Every structure is written in C-alpha cells, then in structure tokens.
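A short write-up of the structure that comes next.
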Amino acid sequence: MNGEMELNKMKIAITGAQGVGKTTLAKQINKDYPDFKILPEAARLAKESGYNLDQTATAETELWLIAKQIELENGEGKWVADRCGIDILAYIHHLFSEESDLIEFATKTLVPKFSNYDLVLYLPSGEFSIEDDGVRTTDIKFQQDIDQRIRDILEKHEIPFIKIVGTPEERLAKVKNLFLK
C-alpha cells in the first residue's frame, strides 16, 4: 500500500465468527478514519426483518443474507464491513452441509466477490468471551466451528488476509500500521 493514496477507495472486510470483535474494530477504524463508511451488518438487518439466525437459520434466511451482503458491498466509496461474504459462506457450509445445492449456489455467487476486498482482516475466536447482544448465539462450540469454516474458506479460495489479534487497542494499532505500509 502507498499511504493515504490507496486508502481512497479501499474496501475492508473483517471476517470472523460471532463475538470476536469485528464490530468493535470496524467502529474503531471509522472513528480514526471517519471517511470509511461502516456497512450495516446483514445479519442484524435480517433479524430486524424477522429472519432466524445461527443454528435456527433457514435456507431462505441465507439466500436473503447473500443478496443483502452483495447489495451492501456493491456500494461506492471506501467502506469497512464487520461481516462479509466469507462469513456468510462459512455459516452456510456449517448449517447446511447436507444441502449441496445451497452450498454450490452460495459458493458460485459469493467467491467471485471476494476479489473486491482490498484488505481482509481475520479475527480468530477464543480471545474474548461472547457478549449476549440478543442477536448472536453465545455458544462457544458453535463459534469455534464457524471459525474453522472461515479458516477453511480462506485457505481453499486462497484469499489473502491478515490475522489480527490482541486487545481492541492492539488490533487497531496493527490496522493503522497496515495503512502506513
């Protein structure tokens, strides 16, 4: 990267299971770089629209999430997404492992979009306890399973990413350092 010049239209995808600090990091980036728009989280929008999430999600929910995520990510300008298509694909693989048609559709639809991300930040599970926000599940085993699926997708599709760990302050410092390189 070449300083502020390349930050002009940057699209940052933060990926990780529920409760790993994606929203916190997105808000920190937005606070220090206010010209980065935070994309609304499709899962929260789905919940507000009456869809069930996590272990109770249906194929209809996942199709809605795919369409909404693509719509959000197609926006102009620079943005940071605290949930992205990688996450949606991981949840679909985990929840619908027996439904090959849904997995095939999701893969064909989402994977080509991953090349639109200028920077993928991966936040692993296990660093923080999951806060109950009324939207996401607090099931640690489920979080670990989704985390493994995300890592599998990153590897299988050869998606370049940066693993970000540490306290929220350390994570932000690492991202700022990436911007300077």
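Under numbering that gives the first Met the number 0, residues 0 to 180 are what the sequence shown spells out, in order. Heads up, the beta-carbon is just placed ideally off N, CA and C, and yes, glycines get one too. Please read all numbers here as calculations on a predicted model, not as lab measurements.
The DSSP-derived three-state label of Y90 is helix. For I152, the closest of A105, I11 and E61 by C-alpha to C-alpha distance is A105.
Beta-bridge pairing by DSSP links K8 to no other residue. Annotated three-state conformation of K173 is helix, per DSSP.
Partner residues in the beta bridge of V119, as assigned by DSSP, are A12. Taking 9 Å as the cut-off, the beta carbon of G15 is found no closer than this to the beta carbon of E130. In the DSSP assignment, A80 is bridged to A12 and L38.
The stretch 51 to 59 and the stretch 160 to 175 do not touch, with fewer than 3 CB-CB distances between them shorter than 8 Å. Taking the C-beta atoms as reference points, D86 is found no nearer than 9 Å to L38. In the three-state DSSP reduction, K162 falls in the strand class (E or B). Bounds of any alpha helix (DSSP H) do not take in S124, whose DSSP letter is neither H nor E. Going by beta carbons, W78 and E72 fall inside the 9 Å limit. For the pair H93 and D138, the CB atoms are not nearer than the 9 Å cut-off. The C-beta distance from I28 to K21 rounds to 11 Å, too long to meet the 8 Å contact threshold.
The straight-line gap separating the alpha-carbon atoms of I11 and E97 is approximately 32 Å.
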